[in-house]
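Counted the way full-length UniProt numbering counts, the sequence shown spans residues 1 to 501. To start, the structure under review is shown below, and the notes come after it.
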Amino acid sequence: KRKDYKLITVFSFLFTGQYGNPLNKYIKHYEGLSYDVDSLHQKHQRAKRAVLHEDQFLHLNFHAHGIHFNLRMKRDTSLFSDDFKVEISNKVVDYDTSHIYTGHIYGEQGSFSHGSVIDGRFEGFIQTHSGTFYVEPAERYIKDRTLPFHSVIYHEDDIKYPHKYGPQGGCADHSVFERMQKYQMTGVEEPTAQKPYKEHNINGPELLRKKRAAQAEKNTCQLYIQTDHLFYKHYGTREAVIAQISSHVKAIDTIYQSTDFTGIRNISFMVKRIRINTTVDERDPSNPFRFPNIGVEKFLELNSEQNHDDYCLAYVFTDRDFDDGVLGLAWVGAPSGSSGGICEKSKLYSDGKKKSLNTGIITVQNYGSHVPPKVSHITFAHEVGHNFGSPHDSGTECTPGESKNLGQKENGNYIMYARATSGDKLNNNKFSLCSVRNISQVLEKKRNNCFVGMYFCHPYKINQQTGCCRVLFKFPYKILICNTPTLPILIGNVYSRCNHA
């Protein structure tokens, strides 16, 4: 007998005027959204405590932009490692991430949603056949006014950059990268004592083939993300800060997983540790990010002076208005010849300091205004692209947005273009062939040094009725079918997390 799913329905009211209702200088049109937050909060608490699979789903219904949104969501555990820890005010805690959700629009194949439910309000993004919509708290944009709605929703096509920012608009000047590149060449390699390795070739070439196959499963980059007190001040609570981190990681995870890096596929990301510097930490002398005025290069250096050997990449999120409109900065990886990028270990450099160059930083502020999540997500993907080995795109093949051909120009530039983009063009969320070639070389050389062997069910492959995925995947010794809601299961060094949406 088929069990009925517990529907969590929220009645919503829409507040909007004529088209052309600007939210700020970046968002040219939005609609206000209001629904019963107490009801959604109660249903979230029930889903959080639920034992039965069908009771773990959260439903949210509302109308906006002429579309009926029937969201069906479930707790997303795929973004956090099993030993995930949160550090707040120098205390390490096991953190409950049950407010982070992933799902889809019920009945719309290929749709996808990700976000959080905090105090009965959903915040996140919803990918539909009509494009991507973003939902945020209204008070983040509209202050000191009593509003008839608590949230705002807007479409990605309504996100516009008002002007181009400086020579590199959103990314550091070329001279900065030249200085960084020279510094990366000065790393002192420490000799490591290695025991002679003898291959016990019991089954000959077949065993070696299986070992190489096991190695090829390493496709997940584990992250350490810190937020400074200014980032915390802007978002207000630890739950909101973790929701922002989750949203950024999910956004880049979607981009990288959908890219074929010359045969290397399913590259994904997972948060292993988060450190939240609250406003109290502004006065902590041990906090390197406590000062109000820090330049972007110095800010990256402060992150790099910490030891990040336990992570693939380590980032700091901030809310600072850096000079020249810079939104992010990161060390560029290379397959050989210089230090920096994914999997880089702490070592001594020419200035006498030990540094970890598997690092980057991003800010959510630009020329006095906070950038929309879409822009910040692409900034994060761009900076991580540097860590993965891609310089800025150049040449006619990889900068179609500069083309005189209107057809090519209309599609815009790719992720690694030097200037920040609003993200609404076809190419803005993709890597160019130039980037793919560069990143592929670095992945081939370095990913086995620190990536971990995780297998994730792609959101689009999840059965919308059961919440499970049915994926046949090869492991050196077994072939498994993931088809039950009881996963994740661990086989060897490969996780199969199939029940996260």
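C-beta: ideal position from N, C-alpha, C; glycine also. Note that this is a predicted model, so its numbers are computed, not measured.
query	result
May I have the straight-line CA-CA distance separating Asn277 from Tyr232, to the nearest angstrom?	7 Å
Which parts of the segment 288 to 373 are runs of the alpha helix (DSSP H), unbroken and 4 residues or longer, counting only runs that do not cross its ends?	296 to 304
Note down the Cα distance separating Ile27 from Tyr154, rounded to an integer number of angstroms.	8 Å
In three-state terms, what does DSSP make of Leu40?	helix
Taking all protein chains shown into account, decide if Lys272 is buried (16 or more other Cβ within 10 angstroms of its Cβ) or exposed.	buried
Along the chain, where does the alpha helix (DSSP H) containing Val436 start, and where does it finish?	433 to 450
Mark Ser247 as exposed unless 16 or more other C-beta atoms lie within 10 angstroms of its C-beta, in which case mark it buried.	buried
Where does the unbroken beta strand (DSSP E) through Phe125 begin, and where does it stop?	121 to 128
When we look at the beta-carbon of Glu136 and count the other beta-carbons within 10 Å, is it buried (16 or more) or exposed?	buried
Taking the alpha-carbon positions, what's the Asn411 to Asp119 distance?	39 Å
Please classify Thr132 as buried or exposed, where buried requires at least 16 neighbouring CB atoms within 10 angstroms.	buried
Using a Cβ-Cβ cut-off of 8 Å (strictly less than) and excluding sequence neighbours within five positions of Asn442, which residues of its own chain qualify?	The displayed chain sequence assigns Val, not Asn, to residue 442. Answer for Val442: Gly333, Ala334, Pro335, Gly341, Ile342, Phe388, Gly389, listed in chain order.
Whether or not the segment 283 to 300 and the segment 239 to 259 are in contact is what I'm after, with contact meaning three or more pairs of Cβ atoms, one per stretch, closer than 8 Å; do they touch?	no
Secondary structure at Thr146, three-state DSSP: helix, strand or coil?	coil
Alpha carbons only, please: which of Ile439, Leu33, Ala330 is nearest the one belonging to Ile264?	Ile439
Give the DSSP-derived three-state secondary structure of Ile202 in the structure shown.	Caution is warranted here: a pLDDT of 40 is assigned to Ile202, below 50, making its placement in the model unreliable, and the coordinate value is therefore given only provisionally. DSSP places Ile202 in coil when its eight states are reduced to three.
Where does Cys469 land, buried or exposed, given buried means 16+ other C-beta within 10 angstroms?	With a pLDDT of 48 at Cys469, under the threshold of 50, the modelled position of this residue cannot be trusted, and the question is left open.
Quick one: give me the first and last residue of the beta strand (DSSP E) that Arg75 is part of.	67 to 75
Please classify Gly20: is it buried, with 16 or more other beta-carbons within 10 angstroms of its beta-carbon, or exposed?	exposed
What are the boundary residues of the beta strand (DSSP E) that includes Asp260?	Asp260 -> no beta strand (DSSP E), and no H or E assigned at all.
Please classify Tyr95: does DSSP put it in a helix, a strand, or coil?	coil
Give the DSSP-derived three-state secondary structure of Ile415 in the structure shown.	coil
Can you say whether Pro196 is buried or exposed, counting buried as having 16 or more other CB atoms within 10 angstroms of its CB?	The predicted model places Pro196 with a pLDDT of 43, which falls under 50 and marks its position as unreliable; any figure quoted below should be read in that light. Per the 10 Å Cβ criterion, exposed.
What first and last residue would you give for the alpha helix (DSSP H) that runs through Ser175?	174 to 184
What residues in its chain sit with their C-beta under 7 Å from that of Gly187, if we drop five residues either side in the sequence?	Ser339, Lys347, Tyr349
Are Thr379 and Leu300 close, meaning C-beta to C-beta below 7 Å?	no
Does DSSP classify His29 as helix, strand or coil?	coil
Which two residues bound the contiguous beta strand (DSSP E) that contains Glu410?	Where Glu410 is concerned, there is no enclosing beta strand (DSSP E), although the alpha helix (DSSP H) it sits in stretches over 406 to 410.
On the DSSP letters alone, give me the boundaries of the alpha helix (DSSP H) that Tyr235 sits inside.	229 to 235
So which of Lys425, Phe80, Met180, Gly401 has the shortest CA-CA distance to Lys355?	Met180
CB Asn303 to CB Val316, shorter than 7 Å?	yes
In angstroms with no decimal places, state the Cα-to-Cα distance between Gly66 and Lys446.	48 Å
Does the beta-carbon of Glu206 have 16 or more other beta-carbons within 10 angstroms, so that it is buried, or is it exposed?	Confidence is the limiting factor: at Glu206 the pLDDT is only 49, short of 50, which leaves the residue's position unreliable, though a coordinate-based value still follows. It counts as exposed.
To the nearest angstrom, report how far apart Asp94 and Ser116 are at their CA atoms.	18 Å
Shortest alpha-carbon distance to Met416 belongs to which of Cys450, Gly170, Tyr311?	Gly170
When we look at the beta-carbon of Lys374 and count the other beta-carbons within 10 Å, is it buried (16 or more) or exposed?	buried
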